[in-house]
Amino acid sequence: MTQPDTAKSNRRGVRDTLDIPILAVANRFEGKRSKEVERFLKFMVVGVVGALVDSITLIVVQATIVPPRSHLDVAIASSIAFVAAITSNFIWNRFWTYPDSRSRSVRKQAIQFTLISLFGWIVRTLWITFAYSGLGRALIPAFLLFVRTFHLDYLPTPEARDKLGTMAAWLIGVAVVMVWNYIANRRWTYNDVA
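In this note's numbering, the protein residues as written are 379 to 572.
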């Protein structure tokens, strides 16, 4: 094996357990496209972790300090959760998805990442704030079919309906914002990688 091949295999080799399935998919593509597929898959994994941080934080915040009693309460709880997710996502993307992005300082990239995320946060928060109530009313019948298989006499409160609507609106918002975040961060925050 020649030196360039060794350098290439070290660069594209398995570095952790998650690299095995990611590289198996990414290596099906040729050249630069393979690396971009690898980055996108890693970005998605980071996004799933961020979504878990986001959803768990949202559930805990609504169950403890900010129950969904008004549009403002839903916006506050969803915003707290979003900030927790942004922090997690920036750290993981900086050091795992884009480890070769070092031409800018961490501070500059954090500011760029945050600005992109703020736009996503505004879109997502407006969506959740205005969609949660209607989604909760629309989804509660299907939810009751499931819940009543285990708890026959369950009667949902308006707060339970609104929590269901919040999580449904959150899920849609996460999907839309993830696509926005990937494209915008790839073109601006991490545009220094080949």
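Glycine included, every Cβ here is placed at the ideal spot set by N, Cα and C.
Just so it is clear, the structure is predicted and the values come from calculations on it, not from any experiment.
- Between Ala459 and the set Phe473, Trp474, Lys410, Ile443, the nearest pair of CA atoms involves Ile443.
- When secondary structure is reduced to three states using DSSP, Arg472 falls in the helix class.
- Per the Cβ contact rule, the stretch 473-488 is not in contact with the stretch 501-519 (fewer than 3 Cβ pairs under 8 Å).
- At least 8 Å separates the beta-carbon of Leu436 from that of Ala453.
- One thing to note: Leu513 has its Cβ no nearer than 8 Å to the Cβ of Gly551.
- Taking Thr465 as reference, the option from Glu408, Arg411, Ser495 with the minimal CA-CA separation is Ser495.
- Assignment of Tyr568 by DSSP, reduced to helix, strand and coil, places it in the coil class.
- The C-beta distance from Val571 to Asp432 rounds to 26 Å, too long to meet the 8 Å contact threshold.
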